[in-house]
């Protein structure tokens, strides 16, 4: 089932993001093909944002066919990329560092 924890062989968003201590938000300009750094989250802001997301969900929902105009990258204390949330309008997609991806329910960071 889409969006439910416990699917065989699939990790939840919480499994991927449990060690996240920071996040960076980028906006993408499709005309210039440039990526702009919008904000960096402190560890507390990262925890607060993650608290707004249902971390028990699995990234197995449908993926819309439009490019992300806003991306949130999550990192651990060593700076290793754990995963990204990409937003196209109000649709969200999670991409894990191991190549797993899929649609999820998540709110834009701002």
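Residue numbers (our numbering): 2 to 111. Every residue gets a Cβ at the ideal spot worked out from N, C-alpha and C, and that includes glycine.
Residue 58: buried (16+ other C-beta within 10 angstroms of its C-beta) or exposed?
-> Locating residue 58 in the chain shown gives position 57, where the first residue counts as 1. Residue 58 counts as buried, since at least 16 other C-beta atoms from the protein chains shown sit within 10 angstroms of its C-beta.
Could you tell me how far apart the beta carbons of residue 68 and residue 89 are, in whole angstroms, since I believe they sit closer than 8 angstroms?
-> For this step, residue 68 is matched to residue 67 along the chain shown. For this step, residue 89 is matched to residue 88 along the chain shown. Yes, residue 68 and residue 89 are in contact; Cβ-Cβ is about 6 angstroms, under 8 angstroms.
Please look up how many angstroms separate the CB atoms of residue 14 and residue 82, rounded, as I've assumed it's under 8 angstroms.
-> For the purposes of this step, residue 14 is identified with residue 13 of the chain shown, where counting begins at 1. For the purposes of this step, residue 82 is identified with residue 81 of the chain shown, where counting begins at 1. That belief does not hold up - the Cβ atoms of residue 14 and residue 82 are roughly 15 angstroms apart, past 8 angstroms.
In its own chain, which residues sit with a C-beta less than 6 angstroms from the C-beta of residue 41, not counting the 5 before and 5 after it?
-> By one-based count along the chain shown, residue 41 stands at place 40. Closer than 6 angstroms at Cβ, skipping near neighbours: 25.
Closer than 7 angstroms: is that where the CB of residue 68 sits relative to any heavy atom of the ligand FAD?
-> The ligand FAD is not among the ligands present in this structure, which contains no ligands whatsoever.
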